[in-house]
Amino acid sequence: MERLAVNRLRERLPLDGPTIDRFVERYGCPIIEGERATFLYRGNVDEVWVRHRVVGLPDPLPLKRIGESDLWAVTTVLPEGSRVEYQIEIRKGDHYERFNDPLNPRLAHSPMGSSSVCAAIGYRVPDWVAHDPEARPGTLVEEQVHSKALRRDQPVQIYLPARFNRAQRYPLLVVHDGTDYLQFAAMKTVLDNLIHRLDVDPLVAVFVPPRDRLKEYPNHAPHARFIARELVPLLTERLPLIDTPEARCLMGSSFGGIASLSTAVRYPGFFGSLMLQSASLVFTDIGFDHGGGPAFDPVVKFVNRFREKPSAVVDRLFMSCGVYEPLITPNRSMVPVFRHAGMTVRYTESRDGHNWENWRDRLGDGLAWLFPGPQKFVYE
Amino acid sequence: MSTTILLGPQRFTTTVGATVRSLGVTGRIAMVNSGWEERESDDAELAGHLDGRGVNLRLHHRMMDVLAKDQHFAAAAVAFRDRMDELRAFYGIRLQAAIDAVHAVAHRTSIHAVGPIAEESAMEAVREVDRWYAAELEELYGSVRATAPLDESGTIGWHRGEIGALLDECEAVVIAGGNVRTLLRTLRVFDVTLRPEQSVVAWSAGAMALTDEVVLFHDFTPHGVAAAELHDRGLGRLPGIVALPHAKRRLLLDGHERMSVLARRFAEHRLLLLDDGAVVRFPDGATELPVGARVIDRTGHVSVVGVA
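Line by line, the protein sequences are chains V and W. Residues 3 to 382, numbered by my numbering, are exactly what the first sequence covers, in order. Residues 58 to 365, numbered by my numbering, are exactly what the second sequence covers, in order.
This is how it looks when you write it as structure tokens:
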């Protein structure tokens, strides 16, 4: 195996500024060499770390100064196909600061802000993520739905597929954290493209944002009532939807996954399928020390109760989870529970973390499985 | 009698122009490309291959017109589609289970010669599911005919008259690919009847529409029912043939066991492969496959008609 670029650089100590400039310009950051990633930082600081949330790697991951120079580096293993979001943290005396990697222009965005992205060898952004000029766009319609259950007007965005036609009937996908899925997972573009490619059946999607996420998403009766007894019936009345459980799907990520599952549990048989992405399926086998903080208390209560008495609340369940996120173990553990309850489960893992681009990248697999497109009908 | 020619897909290997010229047709040529749906009017390239003699029957456009003007028909069409979708969903469940049983039985070790009997019985169960679907579909068509007779729609009647007049003026017909469901639906609603003296050139979904049994297939489709599915009856101009366009791209041709199941399932039919560049000619009203046509035989291998 060829020696790492940063090790070849070390042979040239002492390093002057122009040499480091040329090195950084040539290799960029992070440097991906086979299944190894080298993170760099340049600056006169006392300590530097890579901050990430990859389960299995030390966090923080300290960088070491190269010789007496202002260049810092650390190399870590990064298996093929991995994608990691991270930030740089520095210490200057007593002053700590955390920011995106100034040497890496690649960013990912989320409601919490942005992060730098390290894509390992073999990782590709799916080609259905980018705008395809040949794909006819669907339409997003913004509405306010009055909810007695939630005691407020709830904003929603309704996606109508290209060529929407009242003489057709469409399945319905209810998306928790809807605004975030649109903004951070490019979900409208993804739907446009997957429908255009015939991978996914034309469908109506309703994107629902929460108001108080930590309260409404972990097994909250008013939220479930709003979705199942107010929103879906309203849409079914107004739009040409297929009015059967098989054609209704709830989806969400993280707490949104719990909101989806708990709504299905409260209204068993009303929805035919679920798409749970990195769902916060935290549970305890004994006691109640789950380590997730108070926000997870209602989640753990709900998941523990479900595990005590699992039932097939839907027919089909698509689950995905990143192997670098702490939720990987609970997600893996729940697969046999769901299957044993009688649900058909498709479960996929990715070398990624708890983030929106991971959830975006899994949409193709999940949506095509839940709503298979009309490829069999088309012979050009 | 006229000639019928089935071609391979025309997207990358365009042979329709040369094929039509080989027929020696001097008059107008009817174009059916309703399988392209809303792109039906983007027919300049196709018309160009026909030396400007093409007359588009605009079946998809006419269907939209009928749906807009005839509310009774529109409601019946929605009801029919709903019922057919439901029928197809149940058919898919039953079919996949039956096909899975065939493969499971075929893989089970048989010491006392029960295996082959069990496999044939499992195959018969698949055929029975196909027969059930076909019978239910026929019943469905019957009920639609009873509740919303197409003959009673003034709008449909008007379009049928115009289509008939256009067809009468044409010496040949070309039928393009696209969505086979849409194509068949428009052909059926407008009762498009090909004249015996008209030569026909068709490809992809168009080729499927000329047969008597239209079978949907895609071994590489990411999800959904993996087994080939009976869909509907075609125009029946080429009975006894199941047309398989894009076979190399859509069928697991190296999966001989899988292909054998397909061939034995449709034992009364020849499974015709229509890949890029294919030209299969049925002269003078013939319906037998000509020498050189590529088919899937009962062993699941690709063979060539007329080659021992």
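All C-beta atoms, glycine included, are put in the ideal place defined by N, C-alpha and C. Please read all numbers here as calculations on a predicted model, not as lab measurements.
In the DSSP assignment, the beta strand (DSSP E) including W/P302 goes from what residue to what residue?
In the second sequence, counting from the first residue as 1, residue 302 of chain W sits at position 245. Start and end: 298 to 302.
Is any beta-carbon of chain W found at less than 9 Å from that of V/A110?
By one-based count along the first sequence, residue 110 of chain V stands at place 108. Output row for V/A110: interface = no.
When DSSP builds the beta bridges, which residues end up paired with V/S275?
Here residue 275 of chain V is taken as the residue at index 273 of the first sequence, counted from 1. Answer is V/C251, V/R318.
Considering just the uninterrupted stretch of the alpha helix (DSSP H) at V/Y88, what are its terminal residues?
Within the first sequence, residue 88 of chain V is the residue found at index 86, counting from 1. Here V/Y88 belongs to no alpha helix (DSSP H); instead the beta strand (DSSP E) covers 85 to 94.
At least 3 beta-carbon pairs within less than 8 Å: the stretch 136 to 150 of chain V vs the stretch 159 to 169 of chain V
yes
Beta carbon of V/H178, beta carbon of V/G254: below 9 Å?
Indexing the first sequence from 1 puts residue 178 of chain V at position 176. Indexing the first sequence from 1 puts residue 254 of chain V at position 252. Yes, Cβ-Cβ distance for V/H178 and V/G254 is below 9 Å.
Only counting the same chain, and skipping five residues up and downstream in sequence, which positions put a Cβ closer than 7 Å to that of W/A203?
Numbered from its first residue, the second sequence carries residue 203 of chain W at position 146. Correct list: empty, nothing qualifies.
What residues in the stretch 243 to 265 of chain W bring their beta carbon closer than 7 Å to a beta carbon of chain V?
S261, A262, M265
Specify the secondary structure class of W/M120 as computed by DSSP and reduced to three states.
Residue numbering aside, residue 120 of chain W sits at position 63 when the second sequence is read from its first letter. W/M120: helix per DSSP, three-state reduction.
For chain W, find out if any of its Cβ atoms is closer than 9 Å to the Cβ of V/V192; answer yes or no.
In the first sequence, counting from the first residue as 1, residue 192 of chain V sits at position 190. No, no contact with chain W.
Any beta carbon of chain W sitting closer than 9 Å to that of V/P374?
The count along the first sequence starts at 1 and reaches residue 374 of chain V at position 372. Chain W contact via Cβ: present.
Mind the definition here: the stretch 297 to 313 of chain W touches the stretch 100 to 119 of chain W only if three or more C-beta pairs lie below 8 Å; say whether that holds.
no
Pull up the DSSP beta-bridge partners for W/G235, would you.
To locate residue 235 of chain W, count along the second sequence from 1; it is residue 178. Answer by DSSP bridge pairing, in chain order: V/Y381.
Straight-line gap, V/V206 to W/E94 (C-alpha atoms, nearest Å):
The count along the first sequence starts at 1 and reaches residue 206 of chain V at position 204. The count along the second sequence starts at 1 and reaches residue 94 of chain W at position 37. Approximately 21 Å between the Cα atoms of the pair.
Rounded to whole angstroms, what is the Cα-Cα separation between V/F373 and V/L11?
The count along the first sequence starts at 1 and reaches residue 373 of chain V at position 371. The count along the first sequence starts at 1 and reaches residue 11 of chain V at position 9. Roughly 52 Å between the two C-alpha positions.
Secondary structure, beta strand (DSSP E): runs of 3+ residues fully inside the stretch 216 to 261 of chain W
227 to 232, 256 to 260
Beta-carbon separation of W/M316 and W/G357 under 9 Å?
The residue labelled residue 316 of chain W in the question sits at position 259 within the second sequence. The residue labelled residue 357 of chain W in the question sits at position 300 within the second sequence. Yes, they are a contact pair.
Looking at chain V, is there any beta carbon in it that lies within less than 9 Å of the beta carbon of W/A335?
As a first step, residue 335 of chain W must be located in the second sequence, where it is residue number 278. False, the Cβ-Cβ gap to chain V never drops below 9 Å.
Between the stretch 167 to 177 of chain V and the stretch 194 to 206 of chain V, are three or more C-beta pairs nearer than 8 Å?
yes
Can a CB atom of chain W be found closer than 9 Å to the CB of V/Y269?
Position 267 of the first sequence holds residue 269 of chain V. No, because no Cβ of chain W sits closer than 9 Å to the Cβ of V/Y269.
The stretch 191 to 210 of chain V: which residues have C-beta closer than 8 Å to a C-beta of chain W, in chain order?
D201
State yes or no: is the C-beta of W/A222 within less than 9 Å of the C-beta of W/L241?
Counting from 1 along the second sequence, the entry for residue 222 of chain W is found at position 165. Counting from 1 along the second sequence, the entry for residue 241 of chain W is found at position 184. Result no, Cβ atoms of W/A222 and W/L241 do not sit closer than 9 Å.
If we call anything under 9 Å between Cβ atoms a contact, is W/T344 one with W/G291?
Stepping through the second sequence from its first residue, residue 344 of chain W is reached at position 287. Stepping through the second sequence from its first residue, residue 291 of chain W is reached at position 234. Cβ atoms of W/T344 and W/G291: not closer than 9 Å.
For W/N236, which residues in chain V fall below 7 Å Cβ to Cβ?
Here residue 236 of chain W refers to the residue found at position 179 of the second sequence. Those within 7 Å of W/N236 in chain V are F379, V380.
Have a look at the DSSP bridge pairing and note the partners of W/I62.
Here residue 62 of chain W is taken as the residue at index 5 of the second sequence, counted from 1. Note: W/I62 sits in a beta bridge opposite W/V258, W/R338.
Decide if W/K305 is buried, meaning its Cβ has at least 16 other Cβ atoms within 10 Å, or exposed.
Along the second sequence, one-based indexing puts residue 305 of chain W at 248. With fewer than 16 other Cβ atoms within 10 Å, it is exposed.
Beta carbon proximity, V/D299 to chain W, threshold 9 Å
Taking the first residue of the first sequence as 1, we reach residue 299 of chain V at position 297. Answer no: the Cβ-Cβ gap between V/D299 and chain W never drops below 9 Å.
Give a yes or no on whether the C-beta atoms belonging to W/M180 and W/R351 are separated by under 9 Å.
Residue 180 of chain W sits at position 123 when you count from the first residue of the second sequence. Residue 351 of chain W sits at position 294 when you count from the first residue of the second sequence. It is not a contact, given that the beta carbons lie outside the stated cut-off.
Helix, strand or coil, according to DSSP, for V/E136 in the structure here?
On the first sequence, residue 136 of chain V is found 134 positions in, with the first residue counted as 1. In the structure shown, V/E136 sits in coil (DSSP, three-state: anything other than H, G, I, E or B).
Between which residues of its own chain and V/L15 is the CB-CB distance below 6 Å, once the five residues before and five after are set aside?
One-based indexing of the first sequence puts residue 15 of chain V at position 13. Here the set comprises G69.
Tell me the start and end of each unbroken alpha helix (DSSP H) in the stretch 192 to 272 of chain V that is at least 4 residues and wholly inside, in chain order.
215 to 218, 223 to 227, 234 to 240, 257 to 268
Taking its Cβ as the centre, do 16 or more other Cβ atoms sit within 10 Å of V/D155, making it buried, or is it exposed?
Here residue 155 of chain V refers to the residue found at position 153 of the first sequence. Under this definition V/D155 is an exposed residue.
Could you please give me the residues that DSSP links to V/E2 through a beta bridge?
A question about residue 2 of chain V goes unanswered here, because the residues of chain V that appear run from 3 up to 382.
On a Cα-Cα basis, can you pick out the residue from V/L152, V/D201, V/E144, V/H222 that is closest to V/L387?
Because chain V is modelled from 3 through 382, residue 387 of chain V falls outside the range shown and cannot be assessed.
Taking C-alpha atoms, which residue in W/V230, W/F147, W/R96 lies nearest to V/E136?
Looking up residue 136 of chain V in the first sequence gives position 134. Measuring from the Cα of V/E136, the nearest candidate turns out to be W/R96.
Relative to the C-alpha of W/A285, which residue among W/D187, W/S79, W/T166 is closest?
Reading the second sequence from its first residue, position 228 is the one you call residue 285 of chain W. Nearest of W/D187, W/S79, W/T166 to W/A285, Cα basis: W/D187.
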